[in-house]
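First comes the structure, then the notes that go with it.
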Amino acid sequence: MSKAISAKNKSGFINGILKKPIIESDPLYLPWIRCNDMVVSWILNSVAKNIGSSILYIDNAADMWKDLQDRFSQGNRPRIFQLRKAISSLKQDQKSVSDYYTDLKSYWDELANYRRNFSQCSIETLKFLEVIQQEEYVIQFLMGLSDSFNSIRSQILLLDPFPSINKVISLVLQEEKQREVILDTSVPSLESIAALTAKPTKTGNFASK
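Note that the sequence shown covers residues 636 to 844 in the working numbering.
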């Protein structure tokens with residue numbers, strides 16, 4: 636449901652960022668009411684009838700969303716445990732860096748759906764939390780990375796300021812690409828191998844004895 640609301644560019648109405656204007660004369664007051672009512676309608680239509688009846692009289696989309704989160708978040712803990720365990724045990728093994736990162740990111744994205752709502756925090760606090768989250772992503776990615784990347788892994792861990800996960804992925808992908816180029820130039824082609832191993836043929840006329 637949260638992804639559907641986000642796709643319609645209305646996430647601000649459930650995370651509390653887009654707050655209701657205080658005075659009715661505010662030019663944004665009526666547009667806010669219309670959008671809020673629309674999001675409330677989406678939420679009510681997406682939940683079971685008995686659940687909908689229990690939140691029917693909550694007229695603020697953010698309050699309605701928080702009520703549902705508070706009520707059902709405890710049931711998510713087993714899944715959160717499974718996701719964190721899967722992340723900690725995921726290894727690159729023989730997969731490419733891109734495939735390994737894709738697997739890891741799928742766990743991160745699902746886990747993000749269960750993350751607590753910090754929209755009421757200050758901008759400075761939100762930025763600080765984002766830095767912490769990025770560092771956690773980088774550490775988790777490096778932990779599962781193949782030991783063949785030990786050198787670049789050590790270099791990344793020493794960087795200051797610590798890079799974002801996107802920057803780290805870019806660095807590791809470059810390293811992987813360079814290795815592929817070196818491997819391609821160091822391994823002789825099948826044609827050259829065939830030429831080197833071919834037996835020389837004797838030519839010319841020999842006088843009979």
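Note that CB positions come from ideal geometry on N, CA and C, so glycine has one too. Please read these numbers as outputs of a predicted model, since none were measured by experiment.
Here's a check: name, in chain order, each residue in its chain whose Cβ is nearer than 7 Å to the Cβ of residue i, leaving out the five neighbours to either side.
i: S646; result: I640
i: D702; result: I690 and I693
Would residue i and residue j qualify as a contact pair, given that the criterion is a beta-carbon distance under 8 Å?
i: G779; j: L691; result: no
i: E810; j: I791; result: no
i: A696; j: I678; result: yes
i: Y742; j: I804; result: no
i: F776; j: L739; result: yes
Between the options, which lies nearest to residue i when the distance is taken from Cα to Cα?
i: I658; options: N650, G651, W667 and I758; result: W667
i: P798; options: S681, Q813, I767 and R814; result: I767
i: N801; options: G687, Y772 and K812; result: Y772
i: S781; options: Q727, R669 and N644; result: Q727
i: R712; options: R751, I774, E815 and A683; result: R751
i: A642; options: L806, P656 and V674; result: V674
Which of the three DSSP states is assigned to residue i in this structure?
i: S660; result: coil
i: F753; result: coil
i: V682; result: coil
i: F797; result: coil
i: I817; result: helix
i: L691; result: coil
i: L653; result: coil
i: S845; result: Nothing in the structure corresponds to residue 845, since the chain is present only between 636 and 844.
i: D672; result: helix
i: D744; result: helix
i: M699; result: helix
i: S646; result: helix
Identify, in the order they occur along the chain, each residue of the same chain with its Cβ nearer than 8 Å to the Cβ of residue i, setting aside the five sequence neighbours on each side.
i: L808; result: V732 and S733
i: S637; result: S646, I649 and N748
i: D744; result: none
i: L746; result: I715, L718, R719 and I722
i: L806; result: I787, I791 and P798
Note down, in chain order, each residue of its chain lying with its Cβ closer than 6 Å to the Cβ of residue i, except the 5 sequence neighbours on either side.
i: E770; result: F797
i: W700; result: I649
i: S681; result: M636
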